[in-house]
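Residue numbers for the sequence shown follow this note's numbering, so the first one is 44 and each next one is one higher.
Structure first, then comments.
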Amino acid sequence: RRHIHRHPELGRQEFATTQFVASQLADAGLNPKVLPGGTGLTGDFGPDDGPRVALRADMDALPMAERTGLPFSSDVPNVAHACG
(Lines of atoms letter the chains of each structure in order from A; the text may use other names.)
(Lines give C-alpha, C1' and ligand atoms only; values in the text may rest on other atoms or scores of the structure.)
Protein backbone atom coordinates (compact mmCIF):
# COMPACT_ATOMS: atom_id res chain seq x y z
CA ARG A 44 0.00 0.00 0.00
CA ARG A 45 2.71 2.50 0.90
CA HIS A 46 4.63 1.74 -2.30
CA ILE A 47 1.54 2.55 -4.36
CA HIS A 48 0.97 5.77 -2.41
CA ARG A 49 4.56 6.90 -3.00
CA HIS A 50 4.40 6.14 -6.74
CA PRO A 51 0.96 7.34 -7.90
CA GLU A 52 -0.17 7.24 -11.52
CA LEU A 53 -3.11 9.05 -13.09
CA GLY A 54 -6.04 7.18 -14.62
CA ARG A 55 -5.26 5.15 -17.75
CA GLN A 56 -1.55 5.59 -16.94
CA GLU A 57 -1.24 2.99 -14.17
CA PHE A 58 1.24 0.77 -16.02
CA ALA A 59 3.79 0.45 -13.19
CA THR A 60 1.04 0.14 -10.57
CA THR A 61 -0.59 -2.68 -12.54
CA GLN A 62 2.72 -4.54 -12.81
CA PHE A 63 3.40 -4.04 -9.09
CA VAL A 64 -0.03 -5.36 -8.07
CA ALA A 65 0.27 -8.29 -10.50
CA SER A 66 3.64 -9.17 -8.99
CA GLN A 67 2.27 -9.04 -5.44
CA LEU A 68 -0.69 -11.25 -6.38
CA ALA A 69 1.59 -13.74 -8.14
CA ASP A 70 3.85 -13.84 -5.08
CA ALA A 71 0.74 -14.71 -3.04
CA GLY A 72 0.14 -17.73 -5.29
CA LEU A 73 -2.57 -16.22 -7.48
CA ASN A 74 -2.65 -16.03 -11.26
CA PRO A 75 -3.25 -12.38 -12.23
CA LYS A 76 -3.89 -11.46 -15.85
CA VAL A 77 -3.01 -7.94 -17.01
CA LEU A 78 -5.69 -6.46 -19.26
CA PRO A 79 -4.85 -5.70 -22.92
CA GLY A 80 -4.42 -1.96 -22.31
CA GLY A 81 -1.87 -2.65 -19.56
CA THR A 82 -3.65 -0.55 -16.94
CA GLY A 83 -5.67 -3.05 -14.98
CA LEU A 84 -5.80 -6.71 -14.16
CA THR A 85 -8.00 -9.58 -13.16
CA GLY A 86 -7.37 -12.49 -10.91
CA ASP A 87 -9.52 -15.51 -10.11
CA PHE A 88 -10.02 -16.54 -6.50
CA GLY A 89 -11.54 -19.95 -5.99
CA PRO A 90 -11.77 -23.32 -7.68
CA ASP A 91 -12.24 -23.62 -11.44
CA ASP A 92 -15.46 -25.59 -10.97
CA GLY A 93 -17.03 -23.72 -8.06
CA PRO A 94 -17.89 -20.34 -6.63
CA ARG A 95 -15.38 -17.54 -6.96
CA VAL A 96 -14.80 -14.22 -5.28
CA ALA A 97 -14.53 -10.95 -7.19
CA LEU A 98 -12.76 -7.93 -5.70
CA ARG A 99 -12.61 -4.48 -7.24
CA ALA A 100 -10.27 -1.63 -6.39
CA ASP A 101 -9.32 1.65 -8.02
CA MET A 102 -5.59 2.18 -8.57
CA ASP A 103 -5.56 5.62 -10.17
CA ALA A 104 -4.40 8.76 -8.43
CA LEU A 105 -5.68 12.32 -8.69
CA PRO A 106 -3.99 15.34 -10.31
CA MET A 107 -3.34 17.18 -7.04
CA ALA A 108 -0.49 17.90 -4.69
CA GLU A 109 -0.17 15.83 -1.53
CA ARG A 110 0.42 17.82 1.62
CA THR A 111 0.30 15.16 4.34
CA GLY A 112 4.03 15.07 5.06
CA LEU A 113 3.80 11.35 5.81
CA PRO A 114 6.83 9.14 5.12
CA PHE A 115 4.95 7.47 2.26
CA SER A 116 3.68 10.68 0.64
CA SER A 117 3.69 10.92 -3.13
CA ASP A 118 7.08 11.25 -4.82
CA VAL A 119 5.34 12.51 -7.97
CA PRO A 120 4.66 16.27 -8.11
CA ASN A 121 0.97 17.14 -8.33
CA VAL A 122 -0.21 13.51 -8.38
CA ALA A 123 -1.54 11.84 -5.24
CA HIS A 124 -3.82 9.14 -3.88
CA ALA A 125 -6.34 11.23 -1.98
CA CYS A 126 -9.56 9.20 -2.02
CA GLY A 127 -10.72 7.16 0.95
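Every residue gets a Cβ at the ideal spot worked out from N, C-alpha and C, and that includes glycine.
Quick check on the DSSP output: the alpha helix (DSSP H) that includes residue i runs from which residue to which?
i	result
residue 66	58-70
residue 45	45-49
Short of 7 angstroms in beta carbon distance, which residues of its chain neighbour residue i, apart from the five on each side in sequence? Order them along the chain.
i	result
residue 107	121, 123, 125
residue 74	86, 87
residue 104	51, 52, 53, 122, 123, 124
residue 115	45, 48, 49
State the beta-bridge partners of residue i as determined by DSSP.
i	result
residue 122	For residue 122, which the question treats as bridged, DSSP gives no partner whatsoever.
residue 98	Answer is none; residue 98 lacks a bridge partner.
residue 115	Beta-bridge pairing links residue 115 to no other residue.
Suppose the cutoff is 8 angstroms on Cβ atoms and the five residues either side in sequence are ignored; what does the same chain contact list for residue i look like?
i	result
residue 84	61, 64, 65, 68, 75, 76, 77, 78
Given a threshold of 16 other Cβ atoms within 10 Å of its Cβ, counted over all protein chains shown, does residue i qualify as buried or as exposed?
i	result
residue 48	buried
Give me the residue from the options with the minimum Cα distance to residue i.
i	options	result
residue 58	99, 80, 92	80
residue 82	100, 118, 94	100
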